[in-house]
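What follows is one structure encoded as structure tokens, with my remarks underneath.
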């Protein structure tokens, strides 16, 4: 990769800004940050292609009262980036609509100024399962015993 093909700190900053907060109205701008053939995965889903990823994001945003990412550490080396973050999420079906804080990390691979591979790492139990009626009680009980 030549230096002109490497992502800039401005590209990374712009990408992060679109998650502060993440809203449906920001999705078109966010789509421009991804390559056509982006490969995205998190602990719950895997999507290939920008259109599929944007449909996933749109589905996630349905009913969300608030979704904001606070980014902590950013490491950008050549075409690879690691971001640590805390997501603050409020959804009426999770924990009675109260704010949920989830720590995570993103591994991004870039092609020029666009993300071509995006992997998110986080505790799915802390984000989802612990905040569901009945299931949450079970997951919390199992975690206490480990």
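In this note's numbering, the protein residues as written are 120 to 265. Cβ atoms here follow ideal geometry from the backbone N, Cα and C, with glycine treated the same way.
Tell me, to the nearest whole angstrom, how far the beta carbon of residue i is from that of residue j; I am working on the premise that it is less than 8 Å.
i, j, result
"residue 214", "residue 125", "Incorrect: roughly 41 Å between the Cβ atoms, too far for contact."
"residue 185", "residue 209", "4 Å"
Which residues in the same chain as residue i place their Cβ atom closer than 6 Å to its Cβ, once the five residues preceding and following it in sequence are excluded?
i, result
"residue 167", "158"
"residue 135", "190"
"residue 175", "166"
"residue 224", "203, 240"
"residue 207", "187, 218, 220"
CB-CB under 7 Å to residue i, same chain, minus the five flanking residues each way: which ones, in chain order?
i, result
"residue 150", "169, 173"
"residue 243", "162, 163"
Among the options, which one has its Cα closest to the Cα of residue i?
i, options, result
"residue 218", "188, 199, 161, 164", "188"
"residue 226", "233, 237, 216, 232", "237"
"residue 222", "194, 232, 240", "240"
"residue 130", "203, 148, 140, 206", "148"
"residue 177", "235, 224, 220, 141", "141"
Thinking C-beta only, is residue j closer than 8 Å to residue i?
i, j, result
"residue 199", "residue 230", "no"
"residue 152", "residue 163", "no"
"residue 182", "residue 212", "yes"
"residue 232", "residue 127", "yes"
"residue 234", "residue 154", "yes"
For residue i, I'd like the list of residues in its chain whose CB is within less than 8 Å of its CB, leaving aside the five on either flank, ordered along the chain.
i, result
"residue 121", "In this prediction, residue 121 has a pLDDT of 49, which is less than 50 and means its spatial position is unreliable; what the coordinates show is noted afterwards. Closer than 8 Å at the Cβ level, and outside the excluded window around residue 121, lies no residue."
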